[in-house]
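Residue numbers (UniProt numbering): 1 to 448. Every residue gets a Cβ at the ideal spot worked out from N, C-alpha and C, and that includes glycine. Beneath this line is the structure, given in structure tokens, with notes to follow.
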Amino acid sequence: MLIKAKLNNEQKYIKISEPNLAEFLNSAFMKFSMPPVTDGVKVFDETGTEVDAEVFEEVAQQPNAGVFTIRFDTDSEGTLSAACQQDSNASQPDPASLELSVCSSEGTVILELESCNSDDTIILDKNSPSRKRQRENDNAKHVVESTLAKKPGGDRIIKEYNRTKGLTDSSRRQMVNILAADMTETYGTAPPRHIREMYAQGIVEMFPYLMDPYSKKGYEHFYDGESGTGYLAWRLKTIQRRSSSAESRGPSHLLAGGGPTAKREALFNPEVILSEEQCKEAMSLMKYCSDEATIKEKMKVTFERRRNMVLDKEKSSFVLDEFPRFKDVEGLIAQDFHLQFGHDVAARLLERWPTTFKQKVIQQSKTLPSSADLEVLIQCAEATSEEVDMDDILVSGWDSDLSSIILLLHLIPPSAQGRKRPGRVSASQAEKHLVVFKKVCIVAYSIH
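Right under this line is the structure:
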């Protein structure tokens with residue numbers, strides 16, 4: 001939790017984990033770069049009322065608590081400073097060895113810095129609670145920083161924060177996904193509470209502007225151990241739900257080789273099951289129909305027949321003959337994929353592409369025989385938005401994400417065109433079939 005503190009006309013935020021007076025004073029002295037003092041120290045609120053240890057917790061948690069002022073009794077004058085003997089002939093004082101002296105002015109104590117020998121400098125105990133918390137904060141920050149540095153997409157998140165002092169919703173979701181994935185890889189799908197809190201604390205330590213000043217610890221919106229909520233908690237629940245769902249399917253759903261011929265249970269359940277004659281009528285209608293909405297509807301109701309053909313080794317090669325509209329109507333393949341796997345799985349490719357698949361595609365592409373087109377695509381795919389300006393994009397033709405997708409054409413080259421048209425289409429020629437440009441609007445500029 002954050003508390004405003006004022007000492008010697010200087011005001012700062014003090015961060016404490018528990019609202020008690022002792023911890024507040026220790027953290028305040030460390031924040032103001034002063035040695036800790038216990039005797040004759042009093043804390044007052046904005047109304048001038050003294051706040052002691054008994055009521056500090058309740059007062060500090062009030063929304064209108066305001067600024068706490070730290071003062072010293074005049075009776076304790078001189079107890080704050082050490083007996084520092086200065087050599088009258090000493091040269092310039094060392095700024096690293098400074099102590100505090102107290103002088104009173106109209107009942108208010110003013111703190112002044114006085115130089116002293118380095119032997120009298122007060123050093124905080126490394127095992128003090130403040131130092132221990134600082135080490136925990138540094139360790140948590142290191143975990144988050146190292147995770148983002150080694151995972152694809154992490155560098156872009158760090159650069160975006162450094163540039164804007166914040167993160168967009170998509171970047172925040174991507175960061176949470178990266179950290180949750182790293183957490184599950186190391187600690188399993190149900191990491192302990194202190195591990196979740198460490199990651200959440202590391203986020204606000206590395207990205208201070210993401211801290212919530214109105215919460216107790218500042219990172220509860222990423223993970224709140226008391227309620228079990230937050231962005232990290234919700235992501236972990238999603239991972240656990242998907243993991244348990246995969247395990248509950250049983251060994252019959254464990255696919256040895258995968259691929260289109262693997263037997264899977266489709267998520268699509270048709271409202272009406274067509275008979276053999278009705279299927280043939282729908283297939284015949286689609287071949288000559290020009291209305292795309294009608295074609296997609298008929299393809300949807302004949303999905304089960306098409307799926308059975310794919311699973312049949314003798315009939316699988318005739319799917320395009322029976323359903324030729326795959327070749328000229330957009331969205332039919334995507335529709336079948338949605339019917340088979342559902343919208344969540346269908347969206348997973350684009351969701352995980354920048355964090356998981358993209359870097360793997362680039363690494364595999366580097367093992368292919370080198371060519372001019374391949375080298376240009378790899379260079380564009382590895383470049384970030386900050387490293388590439390508009391001139392480079394116009395020269396190369398593709399941005400980073402699209403370049404990595406086009407690399408798939410080099411990893412999975414097109415097959416032969418058949419007997420009538422022998423030979424293979426090159427990967428460069430296949431780009432025209434993979435990416436289709438459409439004119440949305442035309443802007444005319446006057447030329448002088």
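Item to check | Alpha-carbon to alpha-carbon, serine 146 and glycine 331 | outcome: 41 Å
Checklist entry - Among Glu292, Tyr13 and Lys237, which residue has its Cα nearest to the Cα of alanine 190? => result Lys237
Item to check | Coarse secondary structure for leucine 368, derived from DSSP in three states | outcome: coil
Next on the checklist: Excluding the 5 residues flanking threonine 184 on each side, which residues of the same chain have their C-beta closer than 8 Å to its C-beta?
Outcome noted: Pro191, Leu236 and Ile239
Item to check | Cβ shell of alanine 266 (< 6 Å), same chain only, five flanking positions each side left out | outcome: Gln340
Next on the checklist: Let's see if you can read the secondary structure: which residues bound the alpha helix (DSSP H) around lysine 296?
Outcome noted: 292–301
Item to check | Status (buried if at least 16 other CB within 10 Å, exposed otherwise) for asparagine 64 | outcome: exposed
Next on the checklist: Quick check for students: name the residue ranges of the alpha helix (DSSP H) that lie wholly in the region 173–250, counting only runs of 4 or more.
Outcome noted: 193–206 and 231–248
Next on the checklist: Please tell me whether lysine 287 and valine 329 are closer than 9 Å, where the distance is taken between their beta carbons.
Outcome noted: no
Next on the checklist: Contact defined as beta carbons within less than 8 Å: I believe leucine 285 pairs with lysine 300. What is the distance between those atoms, to the nearest angstrom?
Outcome noted: About 13 Å; that fails the 8 Å criterion.
Next on the checklist: Output needed for lysine 151: all residues of its chain with C-beta closer than 6 Å, excluding positions within five of it in sequence on either side, in chain order.
Outcome noted: Ile178
Item to check | arginine 156: first and last residue of the uninterrupted alpha helix (DSSP H) it sits in | outcome: 154–164
Checklist entry - Looking at valine 37 and phenylalanine 72, is the spacing between their C-beta atoms short of 9 Å? => result yes
Checklist entry - What residue ranges within the region 21–46 form continuous alpha helix (DSSP H) runs of no fewer than 4 residues, ordered along the chain? => result 21–31
Checklist entry - Between the C-alpha atoms of leucine 2 and aspartate 155, what's the straight-line distance to the nearest angstrom? => result 29 Å
Checklist entry - If you draw a straight line from the C-alpha of alanine 181 to the C-alpha of asparagine 26, how long is it? => result 37 Å
Item to check | Identity of the residues DSSP links to arginine 71 by a beta bridge | outcome: Lys42
Checklist entry - What's the C-alpha gap between tyrosine 187 and tyrosine 231? => result 18 Å
Item to check | Range covered by the beta strand (DSSP E) that runs through isoleucine 273 | outcome: Careful: isoleucine 273 lies outside any beta strand (DSSP E) and carries neither H nor E.
Checklist entry - If we call anything under 9 Å between Cβ atoms a contact, is alanine 383 one with serine 365? => result no
Checklist entry - In or out: lysine 165 buried (at least 16 other Cβ within 10 Å) or exposed? => result exposed
Checklist entry - What does a CB cutoff of less than 6 Å around lysine 6 pick up in its chain, not counting 5 residues either side in sequence? => result Val67 and Thr69
Item to check | Supposed contact pair tyrosine 219 and glutamine 201 - C-beta distance, whole angstroms, cut 8 Å | outcome: 5 Å
Checklist entry - If you draw a straight line from the alpha carbon of methionine 206 to that of arginine 307, how long is it in whole angstroms? => result 50 Å
Checklist entry - Would you call the CB atoms of tyrosine 223 and arginine 242 closer than 9 Å? => result no
Next on the checklist: Distance check for isoleucine 16 and glutamate 46, CA to CA, integer angstroms please.
Outcome noted: 20 Å
Checklist entry - Under the three-state reduction of DSSP, which class applies to residue 454: helix, strand or coil? => result Because the chain here runs from 1 to 448, residue 454 falls outside it and cannot be looked at.
Next on the checklist: Please state the DSSP three-state secondary structure of isoleucine 405.
Outcome noted: helix
Checklist entry - Taking the alpha carbon of lysine 263 as the point to measure from, which residue in Lys313, Lys280 and Lys217 has its own alpha carbon closest? => result Lys313
Checklist entry - Going by alpha carbons, who is nearest to lysine 324 out of Lys358, Ala282, Arg348 and His343? => result For clarity, residue 324 is proline in the given sequence; the question names lysine instead. Of Lys358, Ala282, Arg348 and His343, the residue nearest in Cα terms is Ala282.
Item to check | Exposure of glycine 228, with buried meaning 16 or more beta-carbon neighbours within 10 Å | outcome: exposed
Item to check | Limits of the beta strand (DSSP E) - the one that leucine 2 falls within | outcome: 2–7
Checklist entry - Tell me which same chain residues have a C-beta within less than 7 Å of the C-beta of isoleucine 158, skipping the five on either side of it? => result Leu148
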